[in-house]
Amino acid sequence: MLKSQAWKWVKRKLKMMRLNQAFKEPYKRIEGLSNFENQKVAKLNLNENFFIPREKLFELIIEALEDLDPRLYPQDEGETLRDKISEYVDFPADNIVIGNGGDELLERIAHLFLEKGEQAITISPTFSTYRFAVNLQRAKLIEVPLREDFSLDVDGLLSNVTPKTKVLFLCSPNNPTANQFEIDEITFISESFPGVVVVDEAYVEFADYSAAPLIKKYENLIVVRTFSKAFGLAGLRLGYCIADTEIARVLSEGVSPPFPVNMVSLKVGAKILENIALFKEAVLKIRKEREKLVKALNDINGVKAFDSKTNFVLFKTEKPLDDVYNSLLQRRVIVRKIGDVLGFQNCLRATVGLPWMNAKLIDALREICS
Ligand SMILES: Cc1ncc(COP(=O)(O)O)c(C=O)c1O
C-alpha cells in the first residue's frame, strides 16, 4: 500500500470510530487541583474517597512496596491478591478476575460476549462505560429508562430482549441515581435473561447487600467491583470481577493482555485487604456523612437531594444547571453536572466528601440557590 493510501485508510478507520461513538467522554481537566486539600478545594466530582488520610495510605503503599523489584514482570503478585480478594468476597480464587480498574474489566466482558451487530441492554440513566464498551465491539446498546422513582422497569428490560441481545448491564447501586435495585429483581433478571448479566457493584460497600452470592446459582451472572471507591485507590487503577470459574478463566487468560495490572497496584491491593478494618471504618464514616449531607441539602430552599446507597449524592436544583455548576466552581466547589434525570431537571452529583468539603458545598448552595 502506498503511504498516502495507508494514511487514507487510517483516517477512514478513525472516522468510523468517531461515528461509532467509541470515544470516552474526556474528564474535564480543572486547573489548580494539585494539592487541592491544602488549597481548600472541595473536589466532589468523581466519587473519590478522601476518608483514608493520604499519609496513612502512603504508609501502606511504602510497606507494600518494600520488596518490589520493578525490573521483573509481575509474578506471584496476582495470585496473592486473588487469594486476598477471595477471602474478602468469600468466593474461591478461581472465581476472581483482576483487572486494570472496573472499566477495563467491563471492556473485557464486552469483548468476550459481544460481536458486531449484536446487542446489549442497560438502564437509563447509568454509568457511561457500558456504552463505550459496547460501541467498541460495534454492537448496539439499548437503554431502558428507570421508573420515575428510580426503580427498575424489569418488564421493560426483558421485553426489549431479542435473539441478538447477549449482555445486560445493571449498575447497582446505580451511578448517577445512587439507589440499589431490589435483590429479587436482580435474581429474576438473572434467571430470565438469555445471556450474560453484568452487575456493576462499584459502590457496593456503601450499600445494603451484594448480588454476588447469586453467582452460585446463576452462572450467567458476573459481578464487577473496584478498588477506586471504598478503598480510595482510584489513581492505581485496580478492579476485579467475580464470575463462574469457566468465564473467569477466559476473562483472565483469553481476552486479557499478558500482564494487565502492574505490580505496584497488585501489591498495594493485597496490603489494603490485609488492613481491611481501616477501610471499613472509613466506609462507616462516609455513610454517616452521607446521611447528614442528604439532610443538609434537603434543608436548602430550591434543592432536592435523593437518598443514596453510594459515596455520592444526586440532587436537583430549581436554578439552571450551568449557573449552579459555575457558581459552585467560582466558590472552589467541584461537582459533576448530570442534567436531566428522568422527570428531574438540573441534576448534579456530589461526592460525599470530608466534613469541611460538604460544609463548603452546603454553604455555597445556600448562597446560590435560596
Ligand atoms: C458504576 C461505576 N462502575 C465502574 C467505575 C469505574 O471504576 P474503576 O475506577 O475501577 O475503573 C465507576 C467509576 O466511577 C463507576 O461509577
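Numbering (my numbering), first residue to last: 413 to 782. Quick reminder that beta carbons are idealized off the backbone N, C-alpha and C, glycines included. Quantities reported herein were computed from a predicted structural model and do not represent experimental measurements.
- Contact annotation: E491 and M675 have beta-carbon atoms that are not nearer than 8 Å.
- Measuring C-alpha to C-alpha distances from L663 to each of L569, A646, T577, L518 identifies L518 as the nearest.
- Of the residues assessed, I474 falls on the exposed side of the cut-off, its CB having fewer than 16 other CB atoms within 10 angstroms.
- Here DSSP, grouped into helix, strand and coil, assigns L582 to strand.
- A check of alpha carbon separations from T599 across N758, D656, I746, A623 identifies A623 as the nearest.
- Taken in chain order, the complete beta strand (DSSP E) segments of 3 residues or longer contained in the stretch 617 to 671 are 633 to 638, 651 to 654.
- For L754, there is no enclosing alpha helix (DSSP H), as DSSP marks it with neither H nor E.
- Around the beta carbon of V422, a 10 Å sphere encloses fewer than 16 other beta carbons of the protein chains shown; the residue is thus reported as exposed.
- Three or more Cβ pairs drawn from the stretch 757 to 775 and the stretch 691 to 706 lie within less than 8 Å of each other, which places the two stretches in contact.
- For the set L582, N547, K452, L548, the Cα lying nearest the Cα of P557 is the one of L582.
- Membership of S536 in the beta strand (DSSP E) is indicated by the continuous run 531 to 536.
- Here V673 really is in contact with N512; their C-beta atoms are around 5 Å apart, less than 8 Å.
- Distances between the C-beta of T763 and the heavy atoms of ligand 1 are all 7 Å or more.
- P557 sits in a strand when the DSSP states are folded into three classes.
- In this structure the stretch 739 to 750 touches the stretch 454 to 463; the number of beta carbon pairs closer than 8 Å is three or more.
- In its chain, beyond the 5 residues on either side, A476, L477, L480, E489 have a beta carbon closer than 7 Å to the beta carbon of K679.
- Counting along the chain, V501 sits inside the alpha helix (DSSP H) bounded by residues 489 to 501.
- In chain order, the residues positioned with their C-beta nearer than 6 Å to some heavy atom of ligand 1 are N459, G513, G514, D515, F539, C583, N587, D612, A614, T638, S640, A646, G651.
- Cβ contact annotation for Y542 (same chain, cutoff 6 Å, sequence separation greater than five): T534, F581, in chain order.
- Residues of the same chain with a CB within less than 8 Å of the CB of P486, apart from the 5 flanking positions on each side, are F671, V673, N674, M675, L678 in chain order.
- Contact check between the stretch 584 to 603 and the stretch 558 to 576: three or more CB pairs, one atom from each, fall below 8 Å, which counts as touching.
- The Cβ atoms of V667 and R520 sit closer than 8 Å to each other.
- If you ignore the 5 residues before and after R743, its C-beta comes within less than 6 Å of the C-beta of A776, all in its own chain and listed in chain order.
- Collapsing the DSSP output to three states places V736 in a helix.
- Annotation: the continuous beta strand (DSSP E) that includes V509 extends over 508 to 511.
- Between V579 and V610, the gap from beta carbon to beta carbon is short of 8 Å.
- Closest in C-alpha terms to K552, from the list G529, F539, S571, comes G529.
- For D719, no alpha helix (DSSP H) run applies, since DSSP gives it neither H nor E.
- For V747, the secondary structure class from DSSP, reduced to helix, strand or coil, is coil.
- Contact check for I698 against F618 passes: the beta carbons are separated by less than 8 Å.
- Counting along the chain, no beta strand (DSSP E) covers D565, and no H or E run does either.
- Apart from the 5 residues on each side of it in sequence, L685 sits with its Cβ closer than 6 Å to the Cβ of K496, Y500 in its chain, given in chain order.
- Leaving aside the five residues that flank K728 on each side, the residues in its chain whose CB is nearer than 7 Å to its CB run, in chain order, K716, F756, Q757, N758, C759.
- The residue among K692, D719, I780, N723 with its C-alpha nearest the C-alpha of N713 is I780.
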